[in-house]
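Top to bottom, those sequences are chains A and B. Residue numbering for the first sequence follows our numbering, beginning at -5 and increasing consecutively. Residue numbering for the second sequence follows our numbering, beginning at 4 and increasing consecutively. Virtual Cβ for every residue (Gly too), placed ideally from N, Cα, C. Working notes, beginning with the structure itself.
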Amino acid sequence: MTATSATPASPSTTPEPSGRRFSGLRLSTLRDYGIVIFLIALIIALWISTDTFMTVNNIKNVIDGAVAVGLIACAGSIVIMAGGFDLSAGAIFAVAAIVGVKISNEASPLVGILVGILVGAGLGLINGLLTTVGRINHFVATLGTMIAFGGMAVAISGSGLILVNDPSFANIANTDVLGFHISSWVLVAIALLCGFLLNWTVFGRHVFGTGGNLAAARLSGVPINRTLIACYVLSGGVAAVAGLIVAARSLSVSATTGANIIFDALAAILIGGNSVFGGEGAIWRTMIGVAILAVISNGFNLLGVDPLYQQIVSGTLIIVAVGLDAWVRRRSV
Amino acid sequence: MAYEGKGAAMDGDANRAHVELRGVSKSYGGVQAVRDVSLSIARGSVHAIVGENGAGKSTVSKMIAGVISPSAGELVVDGEVVQFSAPRQALGAGIAMIDQELAMVPARSVMDNVFLGVEARRGGVVDVRRQRAAFAELIERTGFDLARDVPVGALRIADQQKVEILRAIAREARFIIMDEPTAPLTQVEADQLYEIIWSLRDQGTTILYISHFLDEVLKVADTVTVMRDGVHVSTRPSAEETEASLVRGMLGRSLELTFPERRRCDPSAPPVLEVRDLCAAGRFADVSFSLRPGEIVGMAGLIGSGRSEVLRAVFGADPIDSGEILLDGKRVRSPSPRKSIANGLVMLPESRKDDGLVMVQSVAENTVISHLDDVSSGGLLRPDREKAAVRKLIADLDVRTSGQDAPIWSLSGGNQQKVLFAKCLMGGPRVMLIDEPTRGVDVGAKRAIYELICSLAAEGMALLVVSSELEEVLGLAHRVLVMRRGRIAAEMPADDADEENVLAAAFGTEGSA
């Protein structure tokens, strides 16, 4: 268009975006740190109202309880940031743990752990292929594999409880390093690794590009299929690690182990303020979400409140967090 | 007369105007799409509007349909001044629009779609029997051959269009707007549509017909309005017009922009990109052309003529059925965007927001996304290299931003477009396919982009520029290709190309123009 009236418009359009940017920044600051403030307030409230919350043993307890959910949530957030969605991580968690324990009973714990992780990664690969090469919607594909892998867990375990024969298997969960269980350090390591991958590597840029605008990423030469497959493999492998840690802690595993863990992990991702639409987000958000859920659960325990109410609180938190995200989005873009 | 009431009462009016525009204008941001248009559309007639891409045809029809509201002027329906703020209100006044993109629920049946939103009901329950009767009556009136219970998604486009028409009639529409209705149809189907249009007219319905195809307009319409640059040029009975007279009316766009001097390119240099007999069913056929180093080739043609589709196929974004793409004389096998970029062939897509940029990411992240290998080692990003590369590119292209880390959505359209250019230029490509170089940018940024394109050519890059703005093609290109209905209709050196013969080729009126 070569309309002559283009000139008077240019001065009026310049201040507008900067004004929008300003309010956008303020709102997203609220979105960023509101959740941190909420966590701190929660901790302070429990500190004041109970004698037991701020004790070394209780803190260790809280962290132990959060390890498995935290691991699944870390890798799961990367899948979501890449525009995918992994509902099957909880089922992979069970299958990998069962296979790992069975193999470690037959061979050695080390072989069992390695095979377990490989099985998790392999099942993740199936998810990756279904959603990319198979072009099946992420939600549908992983709902399908969630059900199928769940059935696989029952079939392999023979629907009973499988006990760990070699007690040294427990070492991967319960050895103390620097005052905390080694499993807690595994969570720290995986969280740092995920954050590092996202922010410092080519892979991370590919993840955000693929999730932020699939068409533009493809036209920019980003290997979108490879990126998504890698995310699902990571999610499967990390879910396996989580499963093995839980099996080591209780020295037993069954097909129903961690039946609801995927929903806790997704709740943590969303409560932390990550976008369900992909393309943005951060691991620290996910970890804040994990911490909030763990502290709430612990607090209800210490205060002797019926755990049923905990579910109501978690559900409400998801809706508030996602609603806030949508609200900020509408205002800032 | 099939329709009575309010409409029938107006029949006595001297000019029988059904819809009238009085001094209507519409501007988007700083761009004036329609300027002071006054137009009267007679009841019970087929009224066509023709014009180049961006002449304002669609804007006018959308204002009548209530999709957008005018910035100034009055809209008069049945002799009364109206102000529509939603299509629903226009529908209430008996005005329905059948869009280029048909809007239906594909999984539901023909009948369900026809009565969607106006279901015959008793209490809250759909009265199926009454609805079936109403459907049968509609079929009888129109003579359409449509099965009632087939899902709309299973129908051919031509039949889906009939569903849309039934839908408009079921809503008691007395004024139907059709935007490019024959574009997806075969000749036989188009002929059937003309019959339908005439029979609707004979029953008293007014049809506003928007089309690129001049022969068709002259055949189907009683009255033709020509628009140019958002301005009303003429409205005459179609019997008094010829294809040549319509093209003449569309000509004479004011060349307000000046273009940089074109450097001569060496016509004997071997082509860097050659495309041979490229075919893709339903999109384009037998497309062949070549690009030499230092050459800017312009591609003109109407929207929907297959220009973007050809660009995307050459870049490897969409599959082809047959044909060859050669880079430096070597055939590219199973092209993909990733492979093309590695080969030094880049594409700047038409839609910045959908295909170009990741809007939630920063200026820097968007700039380097195609060449992350250059700013990383062993998969690890090197922020120092990235910063340096981005700093250089945004300085070269004069991108105005508060910083590399600013989110891309905080930039103006012109600066976003420059970032898109920066992204394409990183890595020093040899061939660049540009789809609409200046879509949605202000005049200042336009001039900067023209200079950039010419300087890239001067440095030896080969460029193919697709544009809906004819002066852009004529002002930039050494050579002009014109596409029409999926084929290259004409090729001419810039010296021979002018608005008249390019438009004639685009509209398919070479003989008469």
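Among the options, which has the Cα closest to the Cα of residue i?
i                 : options                                   : result
ASN55 of chain A  : A:PHE174, A:LEU192, A:ILE130 and A:ILE97  : A:PHE174
GLU77 of chain B  : B:VAL129, B:VAL27 and B:ALA110            : B:VAL27
ILE286 of chain A : A:ILE312, A:ASP80, A:VAL113 and A:TRP194  : A:ILE312
GLU503 of chain B : B:ALA398, B:SER248 and B:GLY297           : B:SER248
ILE263 of chain A : A:ASN292, A:PHE163, A:VAL73 and A:ILE38   : A:VAL73
LEU119 of chain B : B:THR208, B:LEU305, B:ARG174 and B:LYS165 : B:ARG174
GLU244 of chain B : B:ILE200, B:GLU475, B:LEU473 and B:ALA51  : B:ALA51
ILE323 of chain B : B:VAL84, B:ILE210, B:ASP377 and B:PRO338  : B:PRO338
ARG363 of chain B : A:ASN207, A:PHE197 and A:ASP300           : Checking the sequence, you will find Val at residue 363 of chain B rather than Arg. Of A:ASN207, A:PHE197 and A:ASP300, the residue nearest in Cα terms is A:ASN207.
ARG19 of chain B  : B:LEU42, B:GLY47, B:HIS374 and B:ARG135   : B:GLY47
PHE190 of chain A : A:ALA69, A:GLY203 and A:ALA320            : A:ALA69
GLY59 of chain B  : B:PRO109, B:ASP358, B:PHE216 and B:MET230 : B:MET230
SER343 of chain B : A:PRO217, A:VAL322, A:VAL316 and A:GLY267 : A:PRO217
GLY478 of chain B : B:SER293, B:ASP39, B:ALA497 and B:LEU467  : B:ALA497
VAL361 of chain B : A:GLU274, A:VAL196, A:ALA60 and A:THR280  : A:GLU274
ILE166 of chain A : A:GLY154, A:VAL180, A:ILE156 and A:CYS225 : A:VAL180
MET48 of chain A  : A:GLY293, A:GLY317, A:VAL299 and A:SER308 : A:GLY293
Give the range of the beta strand (DSSP E) segment to which residue i is assigned.
i                 : result
GLU494 of chain B : 490 to 496
LEU484 of chain B : 482 to 487
HIS235 of chain B : 234 to 240
GLY76 of chain B  : 75 to 80
HIS50 of chain B  : 49 to 53
GLY26 of chain B  : 20 to 31
Just the Cα atoms here: how many angstroms apart are residue i and residue j?
i                 : j                 : result
ALA106 of chain B : PRO184 of chain B : 13 Å
LYS29 of chain B  : SER88 of chain B  : 14 Å
LEU187 of chain A : VAL232 of chain A : 11 Å
ILE130 of chain A : PRO263 of chain B : 50 Å
LEU123 of chain A : ILE223 of chain A : 7 Å
ILE150 of chain A : GLY252 of chain A : 16 Å
ASP115 of chain B : ALA36 of chain B  : 37 Å
TYR212 of chain B : ALA137 of chain B : 27 Å
GLU432 of chain B : ASP499 of chain B : It is worth fixing the name first, because residue 432 of chain B is Pro in this sequence and not Glu. For PRO432 of chain B and ASP499 of chain B, the distance between alpha carbons rounds to 30 Å.
PRO103 of chain A : ALA288 of chain A : 29 Å
LEU245 of chain A : GLY94 of chain A  : 12 Å
LEU258 of chain B : ALA176 of chain B : With a pLDDT of only 44 at LEU258 of chain B, under the threshold of 50, the placement of this residue in the model should not be trusted; the figure read from the coordinates follows. Their backbone Cα atoms lie some 41 Å apart in a straight line.
GLY392 of chain A : ALA147 of chain A : A query on residue 392 of chain A cannot be resolved here, the shown segment of chain A reaching from -5 to 327 and no further.
ARG256 of chain B : VAL485 of chain B : With a pLDDT of 49 at ARG256 of chain B, under the threshold of 50, the modelled position of this residue cannot be trusted, and the question is left open.
GLY463 of chain B : GLU298 of chain B : 8 Å
GLY152 of chain A : GLY198 of chain A : 40 Å
ILE29 of chain A  : VAL335 of chain B : 52 Å
VAL316 of chain A : GLY272 of chain A : 13 Å
Verify whether the separation of the beta carbon atoms of residue i and residue j is less than 8 Å.
i                 : j                 : result
LEU117 of chain A : LEU296 of chain A : no
SER112 of chain B : ASP152 of chain B : yes
ILE111 of chain A : VAL235 of chain A : yes
VAL113 of chain A : ALA259 of chain A : no
GLY84 of chain A  : ILE277 of chain A : no
SER177 of chain A : ASP58 of chain A  : yes
ARG315 of chain B : LEU423 of chain B : no
ALA508 of chain B : ARG487 of chain B : yes
LEU348 of chain B : PHE318 of chain B : yes
ILE180 of chain B : THR208 of chain B : no
ILE101 of chain B : GLN163 of chain B : no
ILE363 of chain A : VAL89 of chain A  : Here chain A covers residues -5 to 327 and nothing more, so residue 363 of chain A does not appear.
ALA99 of chain B  : ALA161 of chain B : no
LEU169 of chain B : LEU141 of chain B : yes
ILE184 of chain A : LEU65 of chain A  : yes
Along the alpha helix (DSSP H) that carries residue i, what are the first and last residues, could you check?
i                 : result
LEU94 of chain B  : 90 to 95
CYS282 of chain B : Unbroken run through CYS282 of chain B is the beta strand (DSSP E), 276 to 283; no alpha helix (DSSP H).
ARG199 of chain A : 196 to 206
ARG204 of chain B : 190 to 205
SER229 of chain A : 218 to 244
THR228 of chain B : THR228 of chain B -> not in any alpha helix (DSSP H); beta strand (DSSP E) instead, spanning 226 to 231.
VAL105 of chain A : 103 to 125
ASP182 of chain B : Taken as a continuous stretch (DSSP letters only), ASP182 of chain B belongs to no alpha helix (DSSP H), being part of the beta strand (DSSP E) at 178 to 182.
ARG328 of chain A : It is not possible to answer for residue 328 of chain A, since the shown part of chain A is limited to -5 through 327.
- List in chain order: all unbroken beta strand (DSSP E) runs of 3+ residues lying wholly within the stretch 292 to 360 of chain B. Runs of the beta strand (DSSP E) inside the stretch 292 to 360 of chain B: 299 to 304, 325 to 330 and 348 to 351.
- Message: Suppose only complete runs of 3+ residues qualify. What are the beta strand (DSSP E) ranges in the stretch 83 to 147 of chain B, listed by chain order?
- Response: Fully enclosed beta strand (DSSP E) runs of 3 or longer: 83 to 85 and 98 to 101.
- Unbroken alpha helix (DSSP H) runs of length 4 or more, entirely within the stretch 375 to 438 of chain B: which are they? Segments of the alpha helix (DSSP H) lying fully in the stretch 375 to 438 of chain B: 386 to 399 and 416 to 428.
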